[in-house]
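J.:
Protein chains: 2
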Amino acid sequence: MDQTGRAFVPGHVTAFFSPHPAQDPLLAGSRGVGLALSDGVTVQITDGDVVTLNGEPSEIAAVETVLAALDLTASVRIETPLPVGAGFGVSGAAALGTAFAATAASDRRRLADELVAIAHRADVEAGTGLGDVVAQARGGVPVRLAPGAPPHGRVDAIPARRRVEYVSFGGLSTETVLSGDTEALTAAGERALEAVTTDPSLGQVMETARGFVRETDLYTEQVSAAVRTVRENGGEASMAMLGETVFGLGTALSDAGFDPAVCQIHPGGAALEPTEPVA
Amino acid sequence: MDQTGRAFVPGHVTAFFSPHPAQDPLLAGSRGVGLALSDGVTVQITDGDVVTLNGEPSEIAAVETVLAALDLTASVRIETPLPVGAGFGVSGAAALGTAFAATAASDRRRLADELVAIAHRADVEAGTGLGDVVAQARGGVPVRLAPGAPPHGRVDAIPARRRVEYVSFGGLSTETVLSGDTEALTAAGERALEAVTTDPSLGQVMETARGFVRETDLYTEQVSAAVRTVRENGGEASMAMLGETVFGLGTALSDAGFDPAVCQIHPGGAALEPTEPVA
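Residue numbers (my numbering), protein chains in the order written: chain R, 1 to 279; chain E, 1001 to 1279.
(1) Fully enclosed by the stretch 1-82 of chain R, which beta strand (DSSP E) runs are 3 residues long or longer?
(2) Over what stretch of residues does the beta strand (DSSP E) that includes Ala237/R continue unbroken?
(3) Does DSSP put Asp1259/E in a helix, a strand or coil?
(4) For Glu1215/E and Val1124/E, I'd like the C-alpha separation in whole angstroms.
(5) Looking only at DSSP bridge pairs, what is Ser1168/E linked to?
(6) Should Glu64/R be flagged as near chain E, meaning a C-beta pair shorter than 8 Å?
(7) Throw me the rounded Cβ distance for the Arg6/R and Leu272/R pair, which I believe falls under 8 Å.
(8) CB Asp39/R to CB Ala261/R, shorter than 8 Å?
(9) From which residue to which residue does the beta strand (DSSP E) around Val155/R run?
(10) How many angstroms separate the CA atom of Ser1075/E from the CA atom of Val1050/E?
(11) With burial defined as no fewer than 16 other Cβ atoms inside 10 Å of the residue's Cβ, what is the status of Arg121/R: buried or exposed?
(12) For the putative contact between Arg1144/E and Gly1268/E, defined by C-beta atoms under 8 Å, what is the C-beta separation to the nearest angstrom?
(13) So the beta strand (DSSP E) Val143/R belongs to, where does it begin and stop?
(14) Pull up the distance between the alpha-carbon of Ala22/R and that of Asp181/R, whole angstroms please.
(15) Taking Arg210/R as part of the alpha helix (DSSP H), name the residues at either end of that continuous run.
(16) Under the rule that 16 or more other beta-carbon atoms within 10 Å means buried, what is Gly1203/E, buried or exposed?
(17) Would a check of beta-carbon distances place Glu190/R closer than 8 Å to chain E?
(18) For Gly1055/E, tell me which candidate among Thr1245/E, Pro1081/E and Gly1235/E has the shortest Cα-Cα distance.
(19) Could you please give the first and the last residue of the uninterrupted alpha helix (DSSP H) stretch that includes Leu334/R?
(20) Check whether chain E comes within 8 Å of Thr197/R, counting only Cβ atoms and requiring the distance to be less than that.
(21) Checking contacts by CB at 8 Å: is Ile1158/E closer than that to chain R?
(22) Given a limit of 8 Å on CB to CB distance, which residues of the stretch 1089-1112 of chain E reach chain R?
(23) Go ahead and label Arg228/R buried or exposed: buried means 16 or more other beta carbons lie within 10 angstroms of its beta carbon, across all protein chains shown.
(24) I'd like to confirm the pairing. Which residues does DSSP put opposite Ile265/R in its beta bridges?
(25) Determine, for Glu1244/E, whether the minimum Cβ-Cβ distance to residues of chain R falls below 8 Å.
(26) I'd like to know whether the C-beta of Pro147/R is nearer than 8 Å to at least one C-beta of chain E.
(27) Using the Cα positions of Ala225/R and Thr208/R, report the straight-line distance between them to the nearest angstrom.
(28) Per the contact definition of three or more C-beta pairs closer than 8 Å, is the stretch 89-106 of chain R in contact with the stretch 242-252 of chain R?
(29) Which residue or residues does DSSP assign as beta-bridge partners of Leu1272/E?
(30) Run down chain E in chain order and give the residues with a C-beta less than 8 Å from the C-beta of Val41/R.
(31) Determine the DSSP secondary structure at Arg1163/E, reduced to helix, strand or coil.
(32) The alpha helix (DSSP H) spanning Gly1097/E covers which residue range?
(33) If we cut at 8 Å on Cβ distances, does Pro1010/E have a partner in chain R?
(34) For Thr1103/E, count neighbouring Cβ atoms within 10 angstroms of its own Cβ and tell me buried if that reaches 16, exposed if not.
(35) So which residues on chain R does Val1143/E lean against when the C-beta distance must stay under 8 Å?
(36) Go ahead and pull the three-state DSSP assignment for Thr251/R.
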């Protein structure tokens, strides 16, 4: 590794989903809708063999798997303002950012979709995500119509650009939820996706998301109370899948008295950062 | 139309291509590689029925077709720093921006890929572009692997982010070139695409592009001389398909004594602009 590479990957909150397990991790994935966020993950690749997350040495299985798949040894510096394990797809973003940045720093270039497939497989194998990587590769308001990595999966998007606020009370274990009975989850997720593809608007996404969380009994007490408070103030909010996190549109959370982090829908997907002065 | 909508679409210079005509404009298109540019087209939709380009009343066939397909009447204000008809995909960008912005201003929402298909069809039918729209929907360095609108076409990308400079000496008629003998063009374009998918790097794109322009005899005297000057100064440049336009990477053109416009590879595709203050 004699060059450096730097990539930005948007965060991603899933509003609702249906899991689609498969033996082949490239075919496994999820369908559903979420928001790509301008609060995301920056990955810098340099010489070495240490992975750090916000300055602390860290082990992120999906990142190690990506480096192994690319047959590269490198130091990976991951920086993010997002809470980890709280439903923002940080591990998927770290994996995807590593794939982009490490390839840019190496002499063996690859097309973007191959890098997305490598990162998707790594995230699925690590059990840390089923659909974040393909959503983070697209950006905007990704609509995962068919599960899996490119070219198997299919991701469309809802054209929308809003301010987004979020508050996180902590993490939830993706693995615990997905190891339970997922039949009801799958049915609710499929119904939700049908509702949103019929009316692809952000208002429909938020209303459908709240119905999905209620039906699948995924609300925690704290998140349920926060969403109720926002709704009583006339705002749009729901729960991030899967974390004890509330996200809302516009000034929904601050209007209801919370002190949220503020970002916006990030229009693009994962991308390299410029390495020279640009106009 | 009682709401407004505003979209940004990157410009797009094609480095090389092969035309793939078809009866159905959704299947027609091109394969090839280009650069999406941060110099692009902004489209604002308001009440009315007038189309303006940089403040002047204008008739852009693809824009009219998009409005008709969406069954909307609107005023369309198109602003761009790019030269028109010089190989930057301005008409495709105007069509795609109109599709996004007009949908955002209406009550009938649609998924992004449907809007891309509507704009692609309009650009193909108007004879103003074969692959710009799908490239502008993806952003970055789009690699058009299969021709046509989604879900028929397939667009991958080369992960890259560079400063881009360009100088334009005028326009070339896309229709004239494409109405000639396109067999040699197609063969050269297919070979070029094979070379770049084998080594998906920007250096390979530029070298392959110059070979393509030589082989297909598309150089004008002025463009050929300019590219030669840049090469003698050690810079990377080639000719935009199809315009009398030279584009280069980094400071290639200014280093060679030209006074170029300066922008960069735009990492994202077409997107709505925020309508509220965002973080």
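By construction, the Cβ of each residue, glycine as well, lies at the ideal position given by its N, Cα and C atoms. Quick caveat, the model's predicted, so the values are computed rather than measured.
T.: So, from the listed chains and residues:
(1) The qualifying runs are 5-20, 29-46, 51-53 and 75-79.
(2) As a position in the first sequence, residue 237/R is number 237, starting the count at 1. Judged by DSSP secondary structure, Ala237/R falls within the beta strand (DSSP E) whose first and last residues are Ala237 to Met239.
(3) If you number the second sequence from 1, residue 1259/E lands on position 259. Per DSSP, reduced to three states, the secondary structure at Asp1259/E is coil, with no helix or strand assignment.
(4) As a working mapping, residue 1215/E is identified with position 215 in the second sequence. As a working mapping, residue 1124/E is identified with position 124 in the second sequence. Annotation: Glu1215/E to Val1124/E spans about 25 Å, alpha carbon to alpha carbon.
(5) Counting from one through the second sequence, the residue named residue 1168/E turns up at place 168. In DSSP, Ser1168/E forms a bridge with Thr1245/E.
(6) Taking the first residue of the first sequence as position 1, residue 64/R is located at position 64. Chain E contact via Cβ: absent.
(7) Here residue 6/R corresponds to residue number 6 of the first sequence, with the count starting at 1. Here residue 272/R corresponds to residue number 272 of the first sequence, with the count starting at 1. Confirmed, Cβ separation roughly 7 Å.
(8) In the first sequence, the residue the question calls residue 39/R occupies position 39. In the first sequence, the residue the question calls residue 261/R occupies position 261. Contact: yes.
(9) On the first sequence, position 155 is the one that residue 155/R refers to. It spans Arg154 to Ala157 - the beta strand (DSSP E) in which Val155/R sits, taken as one unbroken run.
(10) Stepping through the second sequence from its first residue, residue 1075/E is reached at position 75. Stepping through the second sequence from its first residue, residue 1050/E is reached at position 50. Ser1075/E and Val1050/E: Cα-Cα distance of roughly 5 Å.
(11) If you number the first sequence from 1, residue 121/R lands on position 121. Counting Cβ neighbours within 10 Å, Arg121/R comes out buried, since at least 16 surround it.
(12) One-based indexing of the second sequence puts residue 1144/E at position 144. One-based indexing of the second sequence puts residue 1268/E at position 268. About 17 Å separates the two Cβ atoms, so there is no contact after all.
(13) Position 143 of the first sequence holds residue 143/R. Here the beta strand (DSSP E) through Val143/R covers Pro142 to Ala146.
(14) Indexing the first sequence from 1 puts residue 22/R at position 22. Indexing the first sequence from 1 puts residue 181/R at position 181. Ala22/R and Asp181/R: Cα-Cα distance of roughly 16 Å.
(15) Residue 210/R sits at position 210 when you count from the first residue of the first sequence. For Arg210/R, the uninterrupted alpha helix (DSSP H) segment begins and ends at Leu202 to Glu215.
(16) If you number the second sequence from 1, residue 1203/E lands on position 203. Per the 10 Å Cβ criterion, exposed.
(17) Here residue 190/R refers to the residue found at position 190 of the first sequence. With respect to chain E, the C-beta atom of Glu190/R has no partner C-beta closer than 8 Å.
(18) Locating residue 1055/E in the second sequence gives position 55, where the first residue counts as 1. When each option's Cα is compared against that of Gly1055/E, the closest is Pro1081/E.
(19) Any answer about residue 334/R is impossible in this case: the structure gives chain R only from 1 up to 279.
(20) Start at 1 with the first residue of the first sequence, and residue 197/R comes out as number 197. Yes, contact with chain E.
(21) The count along the second sequence starts at 1 and reaches residue 1158/E at position 158. Residue contact with chain R for Ile1158/E: present (Cβ-Cβ distance below 8 Å to some residue of chain R).
(22) Those residues of the stretch 1089-1112 of chain E that come within reach of chain R (Cβ to Cβ, closer than 8 Å) are Phe1100, Thr1103, Ala1104, Arg1109, Arg1110, Leu1111 and Ala1112.
(23) Position 228 of the first sequence, counted from the first residue, corresponds to residue 228/R. Around the beta carbon of Arg228/R, a 10 Å sphere encloses fewer than 16 other beta carbons of the protein chains shown; the residue is thus reported as exposed.
(24) By one-based count along the first sequence, residue 265/R stands at place 265. According to DSSP, which records beta bridges pairwise, Ile265/R is partnered with Leu37/R.
(25) Within the second sequence, the letter at position 244 stands for residue 1244/E. Output row for Glu1244/E: interface = no.
(26) Walking along the first sequence from the start, residue 147/R turns up at place 147. Not closer than 8 Å to any Cβ of chain E, the Cβ of Pro147/R fails to qualify, so no.
(27) Looking up residue 225/R in the first sequence gives position 225. Looking up residue 208/R in the first sequence gives position 208. For Ala225/R and Thr208/R, the distance between alpha carbons rounds to 18 Å.
(28) In this structure the stretch 242-252 of chain R does not touch the stretch 89-106 of chain R; the number of beta carbon pairs closer than 8 Å is below three.
(29) In the second sequence, the residue the question calls residue 1272/E occupies position 272. Note: Leu1272/E sits in a beta bridge opposite Ala1007/E.
(30) Along the first sequence, one-based indexing puts residue 41/R at 41. Within 8 Å Cβ-Cβ: nothing; Val41/R doesn't reach chain E, min ~15 Å.
(31) Counting from one through the second sequence, the residue named residue 1163/E turns up at place 163. DSSP places Arg1163/E in strand when its eight states are reduced to three.
(32) The residue you call residue 1097/E lines up with position 97 of the second sequence. Note, Gly1097/E: alpha helix (DSSP H), Val1090 to Ala1104.
(33) Locating residue 1010/E in the second sequence gives position 10, counting from the first residue. No, Pro1010/E lies away from the interface with chain R (no Cβ there is under 8 Å from its Cβ).
(34) Working through the second sequence from its first residue, we reach residue 1103/E at position 103. Burial call: buried.
(35) Counted from its first residue, the second sequence places residue 1143/E at position 143. Within 8 Å of the CB of Val1143/E, the CB atoms of chain R belong to Leu111, in sequence order along the chain.
(36) Within the first sequence, residue 251/R is the residue found at index 251, counting from 1. DSSP, reduced to helix, strand and coil, places Thr251/R outside both helices and strands of the structure shown, so it counts as coil.
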